[in-house]
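Worksheet for the structure shown next.
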Amino acid sequence: MQLQLQQLLPVYFDESQRNGSEVWRKDLTFNKGEYIKIVAPSGSGKSSLMHFLYGLRNEYNGNITYNNNDLKKFTAEDFAVYRKDQVSIVFQDLRLFPEQTVYENIELKRQLNSFHPAEKIKEMAERLGIGSKLKNKSRICSYGEQQRVAIIRALMQPFDFLLLDEPFSHLDDKNSQNAMQLMLEEARLRNAAIIFADLERIDFFPYTRLFHL
Amino acid sequence: MAVSFKPIRTLLQTGTNTGSRWFSYIGLGIGVLLLLCSIQMFINIQQLLGGENQRKEGYDFISISKTITNETMGQLEKNLFNENDIKEISSKPFVQGVSPLVANRFRVQLSAGEIIPFSTDMFLETLDNTFIDTVPPNFTWKEGQDYIPIVFSSDFLEIYNVFAPGYGLPQLSEATASQVMVYITCYGANGLQQTFRGSIVALSDRVNSIIVPKTFLDWANMKFGNVHDVKASRLYIKTKDANNPDFLSYLQQKNYKVNKDKTKFGRVKQVLQGIFSGLGIFGMLVVILALMLFSFYLQLMIARSKDNLQLLLMLGYSPNWLSKNVSKQFIPVYILVVLTALVFTEGMQWAFHHFAMFDRPELSSLLHWSVLTTALFLIGLSLLTNYRMVKKLLYKLV
Chain L
431 MQLQLQQLLP VYFDESQRNG SEVWRKDLTF NKGEYIKIVA PSGSGKSSLM HFLYGLRNEY
491 NGNITYNNND LKKFTAEDFA VYRKDQVSIV FQDLRLFPEQ TVYENIELKR QLNSFHPAEK
551 IKEMAERLGI GSKLKNKSRI CSYGEQQRVA IIRALMQPFD FLLLDEPFSH LDDKNSQNAM
611 QLMLEEARLR NAAIIFADLE RIDFFPYTRL FHL
Chain R
6 MAVSFKPIRT LLQTGTNTGS RWFSYIGLGI GVLLLLCSIQ MFINIQQLLG GENQRKEGYD
66 FISISKTITN ETMGQLEKNL FNENDIKEIS SKPFVQGVSP LVANRFRVQL SAGEIIPFST
126 DMFLETLDNT FIDTVPPNFT WKEGQDYIPI VFSSDFLEIY NVFAPGYGLP QLSEATASQV
186 MVYITCYGAN GLQQTFRGSI VALSDRVNSI IVPKTFLDWA NMKFGNVHDV KASRLYIKTK
246 DANNPDFLSY LQQKNYKVNK DKTKFGRVKQ VLQGIFSGLG IFGMLVVILA LMLFSFYLQL
306 MIARSKDNLQ LLLMLGYSPN WLSKNVSKQF IPVYILVVLT ALVFTEGMQW AFHHFAMFDR
366 PELSSLLHWS VLTTALFLIG LSLLTNYRMV KKLLYKLV
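Residue numbers (this note's numbering), protein chains in the order written: chain L, 431 to 643; chain R, 6 to 403.
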């Protein structure tokens, strides 16, 4: 299981922006079991990179391949399989269903391809400190709480790669560490890779490789 | 893996436009009802007016002639049927047989001899035997035979019985008429003349004429009239249904004259079928309109739920699975709408059969199978248009 980036550059970036980048216009291979840390200041294309890897957007030059299959050639159905079986993501902007409860939001992902039984939702929620919020509509939860919902949701499915796009932006250190711990455990369970993009280095993420975007 | 659609149903926002949804359901129901009722009534008319007129052997026999107008008056050729006319008519699918009615082309006089002092100029005609309803075995003639068997129109006998008393002639029963020996005198050119004996061997309800064997008339037309090939002024047509609208419009188009009374039913049928065809088309239009309204409703629903649907696709839900399941939501509604229309149609048919037609045996209180087939087809059509629409809209969101 490999994610490969070949000479990748967003079409809306000019060539000068690749200068100094360790990702753009480089050939990179990410393997299962690796912990990749991508550090990048605002506006350097962190979310773009995550969206490209997840197949949400394709405004880039170069190639991204998953197991030697070019993402640009994926059909809508291929992406559905890719997102439910192989790659999971925590979006920076969370993307929850505002009118559904916390539990329903997580269950919508779990039922699609369940890696865990339904009881695991409560267990994880309690571990991250949102056990009492399961019945609340997600839109009335705080950002911090919503961020934890998004994290738990991403852990419900099997995956080879877990993409994290500033997953702790609304969490304090203690909650962040807690959540990181959970994600590391879950990644280990699947022998999966984590690709973690953030503004700065975070000490409690034991990365195996570090890139500056 | 069985993914449940239940939690997703709540993500489709339908709440605020319930009105337009119900309007489209009702519209669809009315359209389907109109369409089904029209088809059933169309079939009722076929069964009521089509079946009844098929007589004894299952055929109608009617005679047609060319309409004589001021323009064609005196031009014998234009008022007679030629070979091509006959060929054309017999090639029509609604015509099962054509026989020309050939008349005498010489002077014929008929007298009743001593018993009834009655004598008149007459005409004779001949027709293919298979077109005559009553043909006794002795209805034949060979050259040299001085007896001619005659098939006589029962209408003519009736007319005779009406005027006979006024002329001091005896009225005749059908049995007596057959026993009266008449004398038929044929006159040719140059004083040529020959008298034959004749008697009525059968009375015909079908043919309004005096029919003699073809062999005789062919011979006599040659001998007395010097004509080989006599053209017919009337044609007898054998048809499964004299009221067939196609048949009637063909006659109308060719300007052929036909016994109006016999085809009156046909004209009524033509008009009624026209009305119900119109209603059926109207029903179909309403169905299309309702389906369009429904598709607008669907578009609105998907536009309103766009964010949710997009997020589902983002999470890894298959667009194909979503389309199938979103459109599946409407299966019960569609089936219910069409079934309701079907129940109303059945009620209409029962009431029509029972109250308007007094349980006539030609009709059935139950719906015709084609109505049921149409109903099934409509359910299929609605589901298909629905599925395609949802799929198209969802793939746009990917």
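Think of the CB as a built atom: it goes at the ideal place given N, C-alpha and C, for glycine as much as any other residue.
What is the rounded straight-line gap between the Cα of residue i and the Cα of residue j?
i, j, result
"Q216/R", "I44/R", "As written in the sequence, residue 216/R is Ile, which differs from the Gln given in the question. Each residue's alpha carbon lies about 45 Å from the other."
"M362/R", "N248/R", "20 Å"
"C191/R", "V185/R", "19 Å"
"K333/R", "R26/R", "16 Å"
"V292/R", "G559/L", "56 Å"
"L433/L", "E452/L", "16 Å"
"R620/L", "V395/R", "36 Å"
"S300/R", "I67/R", "54 Å"
"Q354/R", "L371/R", "7 Å"
"S472/L", "Q522/L", "12 Å"
"A555/L", "P588/L", "18 Å"
"F168/R", "S183/R", "19 Å"
"N535/L", "N313/R", "11 Å"
"E57/R", "F201/R", "Caution is warranted here: a pLDDT of 44 is assigned to E57/R, below 50, making its placement in the model unreliable, and the coordinate value is therefore given only provisionally. The alpha-carbon atoms of E57/R and F201/R are separated by roughly 42 Å."
"S446/L", "E630/L", "22 Å"
"P547/L", "G34/R", "45 Å"
"K11/R", "F527/L", "15 Å"
"N498/L", "Y573/L", "38 Å"
"K550/L", "Q611/L", "16 Å"
"Q607/L", "F634/L", "7 Å"
"S544/L", "S9/R", "12 Å"
"Q577/L", "D457/L", "32 Å"
"E88/R", "V276/R", "33 Å"
Just to confirm my understanding: we take residue i, look at its own chain, exclude 5 residues before and 5 after, and list those with CB closer than 6 Å. What are they?
i, result
"D133/R", "S104"
"T139/R", "A207 and S209"
"D251/R", "F99"
"L464/R", "No statement about residue 464/R is possible, as the shown extent of chain R runs from 6 to 403 and does not include it."
"M166/R", "The residue you asked about is not Met; residue 166/R is Asn in the sequence shown. These residues qualify, in order along the chain: Q176."
"S124/R", "S116"
"Y302/R", "S25, R26 and S29"
"I307/R", "L398"
"R569/L", "P528"
"F281/R", "S43, M46 and F47"
My understanding is that residue i touches residue j, with C-beta atoms under 8 Å, so please give their C-beta distance in whole angstroms.
i, j, result
"D590/L", "K462/L", "5 Å"
"L106/R", "A237/R", "6 Å"
"L253/R", "I69/R", "Not really, about 11 Å apart at Cβ, beyond 8 Å."
"I625/L", "F460/L", "6 Å"
"A380/R", "V343/R", "5 Å"
"N493/L", "Q436/L", "4 Å"
"A609/L", "F598/L", "7 Å"
Quick one: residues in its chain with C-beta nearer than 8 Å to the C-beta of residue i, no 5 flanking neighbours on either side, listed in chain order?
i, result
"R525/L", "A580"
"I113/R", "Ile is not the amino acid found at residue 113/R; the sequence shown has Val there. Within the same chain, V113/R has close Cβ partners D126, M127, F128, L129, I189, T190, C191 and Y192."
"Y392/R", "S328, K329 and S332"
"L318/R", "P324, L327, L399, L402 and V403"
Look at the Cβ atom of residue i, then the Cβ atom of residue j, and state whether they are nearer than 8 Å.
i, j, result
"I384/R", "Y339/R", "yes"
"R513/L", "Y490/L", "no"
"K563/L", "E575/L", "yes"
"L296/R", "T390/R", "yes"
"T131/R", "P218/R", "yes"
"V48/R", "H373/R", "Residue 48/R is actually Ile in this sequence, not Val. Going by C-beta atoms, I48/R is nearer than 8 Å to H373/R."
"V212/R", "N226/R", "no"
"L593/L", "M480/L", "yes"
"I466/L", "A623/L", "yes"
"Q18/R", "S310/R", "yes"
"A470/L", "H600/L", "no"
"I137/R", "I242/R", "no"
"I164/R", "F221/R", "no"
"L501/L", "T495/L", "yes"
"Y261/R", "T72/R", "yes"
"L40/R", "G285/R", "yes"
"L320/R", "L538/L", "yes"
"N325/R", "E507/L", "yes"
Enumerate in chain order the residues of its own chain whose CB-to-CB distance from residue i is below 7 Å, with the five nearest sequence positions on each side excluded.
i, result
"K397/R", "none"
"E464/L", "A623, T638 and R639"
"D160/R", "N213"
"P141/R", "V206 and A207"
"P636/L", "Y465"
Determine, using beta carbons only, whether residue i comes closer than 8 Å to chain B.
i, result
"F589/L", "Protein chains L and R are contained in the structure displayed, whereas chain B is not."
- Message: At 3 residues or longer, what runs of the beta strand (DSSP E) sit wholly inside the region 444-521 of chain L?
- Response: Fully enclosed beta strand (DSSP E) runs of 3 or longer: 457-461, 465-469, 490-496 and 517-520.
- Message: Which runs of the alpha helix (DSSP H) at least 4 residues long sit entirely within the region 198-270 of chain R? Give them in chain order.
- Response: The region 198-270 of chain R contains these whole alpha helix (DSSP H) runs: 219-228 and 250-259.
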